[in-house]
Structures are given as structure tokens and as C-alpha cells.
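Those sequence lines, one after another, are chains A and S.
Using our numbering, the final residue of the first sequence is 185, and nothing's skipped along the way.
Using our numbering, the final residue of the second sequence is 886, and nothing's skipped along the way.
For every residue, glycine included, the Cβ atom is placed at its ideal position computed from N, Cα and C.
Notes for the one structure printed next.
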Amino acid sequence: AQKVTQAQTEISVVEKEDVTLDCVYETRDTTYYLFWYKQPPSGELVFLIRRNSFDEQNEISGRYSWNFQKSTSSFNFTITASQVVDSAVYFCALSGYPYNFNKFYFGSGTKLNVKP
Amino acid sequence: NAGVTQTPKFHILKIGQSMTLQCTQDMNHNYMYWYRQDPGMGLKLIYYSVGAGITDKGEVPNGYNVSRSTTEDFPLRLELAAPSQTSVYFCASSLIGQGGHSPLHFGNGTRLTVT
């Protein structure tokens with residue numbers, strides 16, 4: 070079965086705190102892709118990152134970093150020194166080959182509130 | 772490039788009326804999708820298309836129809852609108868092939884209210 074679980078429904082932090090958003094996935098695909106999207110209060114869906122299953126290197130982009138661990142089927146997202154502008158709903162998504170190449174499966178999202 | 776363009780941005784529909792949500796993309800993506808997002812919830816797939824002339828159902832297709840006559844356009848039709856179809860509708864596209872998946876590119880959404 071193809072499934073993405075974001076167990077944290079809502080997280081509240083104070084500005085400058087670090088925060089990690091969890092994403093756990095299940096797939097029977099042999100090659101798969103993981104994605105993170107941000108949905109700010111304005112409502113649009115913004116792509117943040119794509120990770121291939123054969124590339125387990127962690128990635129850092131400014132204050133954002135992603136930790137991909139195949140052994141635990143997790144693709145967690147950390148924001149360092151959070152800012153109010155990081156307040157949004159964050160979605161993790163999954164697609165892959167050969168069984169699910171034409172669909173993207175989304176988690177239920179984690180709402181992040183960053184307070185000044 | 773405009774990316775994925777959806778129209779209208781907002782619409783109020785009366786129960787039983789019909790309407791078409793428009794979606795067009797200029798990235799030459801082969802795959803297109805329609806999702807709905809109910810308040811405070813995640814995304815549910817309504818329909819998708821793997822190319823012109825080919826469409827398939829997603830998780831929640833009832834009450835909707837789609838067509839894909841060109842690579843660029845993927846309209847979503849609501850027939851006999853019901854209050855349960857009040858939602859935000861997102862169109863998205865992706866390039867999927869031997870080289871892998873591009874990310875989903877989303878339009879800005881259509882906020883639809885059925886009263």
C-alpha cells in the first residue's frame with residue numbers, strides 16, 4: 070500500500086526555535102520520490118524539495134534541511150531558527166515506480182504556527 | 772512562463788447548477804490532476820490525466836467530469852452542484868517519464884461555495 074503519515078497535526082513554536090516536521094511513508098515501489106510542499110495562509114501550494122529513493126544524502130537549503138532515512142521510511146523536515154513567515158501547513162507527498170508512477174499521495178499535513 | 776493557471780479564483784454556485792473550472796498549463800507537462808481541499812484537510816485526488824484523450828478517476832470522482840482534448844487544458848466540470856462540493860480546487864501538472872517525476876506544479880486554486 071502507498072501511504073504517507075504526518076502524525077503531527079499542529080505544532081506551535083516561538084520564533085527562533087528549531088522545529089522538525091515528521092513524515093513517514095509506506096510504499097512497495099522500488100524507485101520512489103518524496104516531496105515537501107508549503108501552503109501558507111494565502112492558500113497556494115509551494116514546492117520545497119524532491120528526493121529520489123536512491124539518493125539518501127541529506128539536503129540543506131538555508132534554514133531548511135531534510136533528513137531522508139530509508140531504514141526508518143522517514144523524510145523529516147527541519148526548520149532552523151524559525152520565523153513567523155514559516156507559519157504554514159506543510160505537506161509531505163510520495164510517488165514512484167512501477168506501481169504508483171501516475172499518482173502522488175499526500176499526507177494530511179502539519180500546521181506550523183510560529184509566534185513572535 | 773505562467774505555469775498552471777486556474778480560473779475563476781472564486782465562485783458561488785447555487786445547488787443544482789453546473790459549472791466548469793478551467794485549468795491550463797504551459798510547461799508541456801504530460802500529466803494533469805485535479806485535487807480538492809476541504810477546510811483544514813489535506814488533498815484528495817478527483818481525476819487525473821496521463822495525456823491528451825486519456826483520463827482516469829481518483830479517490831473522489833463522484834459528481835465531477837473531466838476531459839483532456841489538448842496537452843495544455845484540463846477542465847473540471849461539476850454537474851448538479853451540491854453543498855458537499857464546497858471546497859478549494861487545485862489543478863496541478865507534472866512531467867513523468869523515463870527520467871523520473873518532476874514535482875507537481877499547482878495552480879493557485881479555485882475557492883468554490885455551493886449554497
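Around S/P874, the beta-carbon contacts reaching into chain A at under 7 Å are F104, F116, R119. Contact of A/N171 with chain S is assigned, a C-beta pair being separated by under 8 Å. Taking the Cα positions, S/L866 is about 6 Å away from S/H872.
Interface flag for A/S164 against chain S is set, since a Cβ pair is found closer than 8 Å. Rounded to whole angstroms, the gap between the alpha carbons of A/S122 and A/F146 is 16 Å. Note on geometry: alpha-carbon atoms of S/S858 and S/Y806 lie some 10 Å from one another. 8 Å or more divides the Cβ of A/W135 from the Cβ of A/E125. Under the Cβ criterion of 8 Å, S/N879 is counted among the residues facing chain A. Taking the beta carbon of A/F160 as reference, the chain S residues within 8 Å of it are G813, L814, listed in sequence order.
For the 8 Å CB-CB criterion, A/Q75 and A/C161 form a contact. Rounded to the nearest angstrom, the gap between the Cα atoms of A/T100 and S/T886 is 45 Å.
With fewer than 16 other CB atoms across the displayed protein chains lying within 10 angstroms of its CB, S/A773 is exposed.
Three or more Cβ pairs closer than 8 Å define a contact, and the region 174-182 of chain A meets that threshold against the region 799-813 of chain S. A/S140 and A/N169 have their alpha carbons spaced roughly 21 Å apart. Scanning its chain for C-beta atoms nearer than 6 Å, with the 5 sequence neighbours on each side dropped, one finds around A/Q108 the residues L114, A157, V158, in chain order.
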